[in-house]
Amino acid sequence: MTDLSAYPITRKWPARYPDWIQLYSLPTPNGVKVSIMLEEIGLPYEPHRVGFDTNDQVSAEFLSLNPNNKIPAILDPHGPDDRPLPLFESGAILIYLADKSGQLLAQESAARYETIQWLMFQMGGVGPMFGQVGFFHKFAGKDYEDKRPRDRYIEESKRLLKVLDERLEGRDWIMGERYTIADIATFPWVRNLIGFYEAGDLVGIKDFANVTRVLERFLARPAVMRGLEIPKPISG
């Protein structure tokens, strides 16, 4: 059995199954990327809930794993050379898990880099812009009298949706017939934008038929259904 005691994060979140991948997360758009990925590839993992309401993300134990205090993060007891590997940043984790499992990321060079290209499209554009729409539409930013920041992010989100919609024309998934980490990264954010952020009308989501078509296809996958609920809320 692997000894993870050298990692302070396991003091706050003890590992019941120390030979499994340890996931530290919440079911946010970034968090569920990794839980969905783990459900899709079938590697054993143990989820731990990092509660924002209790500021777990700024605890010394969590910061020892991710100094950027953001979820998700993982600790793989069997990383490269069979040594434990702590890893943060959802995009990096998706690439790592794809390589570890040999799934959802092409090994041939051109298709691999094209997939990573679309992953970066989500990381650098879709996530940050959709998140700003959420802030200015649903959260504290909605009370700002000056609506120019909100409108700026709405227009940029529309532009990104148009790029994505055109990419999906005639395709089942971002990479065509092949479902990949690019889809796993992107569609939780689309779901959040029109669902939790309630910004579907603002961005004119009905104008992006390919996006909504593939979103429905994505949400119908059993692994996605499970991953969207992980980690589950703590009862009681």
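The sequence shown begins at 371 in my numbering and counts up by one.
C-beta: ideal position from N, C-alpha, C; glycine also.
Residue i versus the options, residue with shortest Cα-Cα distance
i, options, result
"residue 435", "501, 564, 379 and 497", "379"
"residue 393", "522, 440 and 444", "444"
"residue 414", "543, 421 and 467", "467"
"residue 574", "526, 593, 541 and 553", "526"
"residue 449", "422, 389, 477 and 552", "389"
"residue 499", "545, 520 and 396", "520"
"residue 421", "465, 398, 404 and 412", "398"
"residue 374", "454, 556, 423 and 513", "454"
"residue 396", "429, 506 and 440", "440"
"residue 387", "401, 577, 416 and 410", "416"
"residue 496", "578, 555, 572 and 576", "555"
"residue 593", "411, 391, 384 and 377", "411"
"residue 576", "377, 528, 522 and 463", "528"
"residue 522", "479, 545, 539 and 506", "506"
"residue 470", "595, 596, 438 and 391", "391"
"residue 400", "492, 377 and 429", "492"
Contact check, residue i vs residue j, beta carbons under 9 Å
i, j, result
"residue 508", "residue 566", "yes"
"residue 581", "residue 531", "yes"
"residue 560", "residue 598", "no"
"residue 504", "residue 563", "yes"
"residue 474", "residue 407", "yes"
"residue 552", "residue 457", "no"
"residue 476", "residue 548", "yes"
"residue 558", "residue 382", "no"
"residue 447", "residue 460", "no"
"residue 601", "residue 419", "yes"
"residue 579", "residue 524", "no"
"residue 486", "residue 463", "no"
"residue 405", "residue 541", "no"
Beta bridge counterpart(s) of residue i as assigned by DSSP
i, result
"residue 682", "The requested residue 682 does not occur in the structure, where the chain is confined to residues 371 to 606."
"residue 545", "548"
"residue 444", "393 and 457"
### Any alpha helix (DSSP H) of 4 or more consecutive residues that is wholly inside the stretch 377-402
379-382
### Query
Could you give the uninterrupted runs of the beta strand (DSSP E) lying entirely in the stretch 501-587, keeping only those of 3 residues or more?
none
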